[in-house]
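Structure first, then comments.
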Amino acid sequence: MDFTSLRAFIFDLDGCVYTGNTLLPGVREFLQELRAAGRKVLFLTNNSREAGDELLAKLTRLGVLAAPEEMLSAAEITGPFIRERFGPSRVLAIGSERLRRLLAEAGHALVPLDAHAEAQVVAIGHDFGFDYQKLTALSRAVRRGAAFVAVNLDPRLPVEAGEFFPGCGAMVEAVATAAGVRPEVIGKPAPHLFRVALARLGVPPEDAAMVGDSLNSDVRGAQGVGLRTIWIAPPGATSEDIRPDITIHHFDELTGRL
Ligand SMILES: [Mg+2]
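Here the numbering used here runs 389 ahead of the position in the sequence shown, where the first position is 1.
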């Protein structure tokens, strides 16, 4: 892959730029090299709990400089997506307080759990308070015909030391199973988040590379919209049937190619 033709680099965050509160070795230096060479940079995450400003604060804390418009999370485009597709809606949502606020800011009315019959749209983000009562309300609303939108289908939220929490996808699948309906998905590997990123960067997909650690969500998803792909392979992982353009194990393998 010829790096000189690439005008933009899109980075996944978790497991690519940082893990927990630790930057991956060499990533800061590679970012500096990209900026010195005048390349566009964007940070793209399936995060269903936080918007770009919170993620920017974390990057800054870790010593990586970025502009607000270089941050894009699945959480922040969920409200606009629902608005584009269905207009301002009565939304039954679970997830973080911030996700609920973002939905309201996009012009939607939030429906309480016990009024699930009034919901036009069900939206699911990662929710640490997920329980049977929520599952019942959400699946009844979807079964009744409300549009079903998942911020992402990530099975797990990785935390430090190889540990994890069940992810947004685990909650979505519970609702999908009970309702017998599959959701529309905002985040990777679905195309919507990538398309919003490319529109913001103002480049065609063949002029941009997606850099990420997940074969399924970063590499396969990016290939689906025509992006070039750079896979930062977690230790011991192999690519099997998905073929990234470039596989690396350390960011210093990318230096000196621009
Ligand atoms: Mg990742």
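C-beta atoms are modelled at their ideal positions from N, C-alpha and C, and glycine is treated no differently.
Looking at the secondary structure, which residues open and close the beta strand (DSSP E) in which residue i lies?
{"i": "residue 466", "result": "Element bounds for residue 466: not the beta strand (DSSP E) but the alpha helix (DSSP H), 463-475."}
{"i": "residue 547", "result": "545-547"}
{"i": "residue 601", "result": "597-601"}
{"i": "residue 608", "result": "Per DSSP, residue 608 belongs to no beta strand (DSSP E) and is neither H nor E."}
{"i": "residue 636", "result": "635-637"}
{"i": "residue 618", "result": "617-621"}
CB-CB under 8 Å to residue i, same chain, minus the five flanking residues each way: which ones, in chain order?
{"i": "residue 555", "result": "544, 545 and 546"}
{"i": "residue 469", "result": "495"}
{"i": "residue 417", "result": "452 and 453"}
{"i": "residue 423", "result": "398, 430 and 647"}
{"i": "residue 475", "result": "509, 510 and 536"}
{"i": "residue 553", "result": "545, 546 and 547"}
Start and end of the alpha helix (DSSP H) containing residue i?
{"i": "residue 566", "result": "557-568"}
{"i": "residue 416", "result": "416-425"}
{"i": "residue 585", "result": "580-590"}
Spatial neighbours of residue i within its chain, please: C-beta separation below 7 Å, excluding the five flanking residues on both sides.
{"i": "residue 402", "result": "432, 434 and 444"}
{"i": "residue 460", "result": "432, 441, 444 and 445"}
{"i": "residue 462", "result": "434, 436, 439, 440, 441 and 444"}
{"i": "residue 522", "result": "502"}
According to DSSP, simplified to helix, strand and coil, what is residue i?
{"i": "residue 516", "result": "coil"}
{"i": "residue 433", "result": "strand"}
{"i": "residue 630", "result": "coil"}
{"i": "residue 397", "result": "strand"}
{"i": "residue 530", "result": "helix"}
{"i": "residue 552", "result": "coil"}
{"i": "residue 439", "result": "coil"}
{"i": "residue 571", "result": "coil"}
{"i": "residue 455", "result": "coil"}
{"i": "residue 539", "result": "strand"}
{"i": "residue 489", "result": "helix"}
{"i": "residue 479", "result": "strand"}
{"i": "residue 368", "result": "No information on residue 368 is available, as it lies outside the stretch 390 to 647 that the chain covers here."}
{"i": "residue 449", "result": "helix"}
{"i": "residue 403", "result": "strand"}
{"i": "residue 444", "result": "helix"}
{"i": "residue 408", "result": "strand"}
Skipping 5 residues on each side, what residues in its chain have a beta carbon closer than 6 Å to that of residue i?
{"i": "residue 537", "result": "511, 531, 570 and 572"}
{"i": "residue 421", "result": "none"}
{"i": "residue 568", "result": "528, 531 and 532"}
{"i": "residue 404", "result": "602"}
- [ ] Name all residues in chain order for which at least one heavy atom of ligand 1 lies closer than 6 Å to the residue's CB.
- [x] Here the list is 401, 403, 404, 405, 601, 602 and 603.
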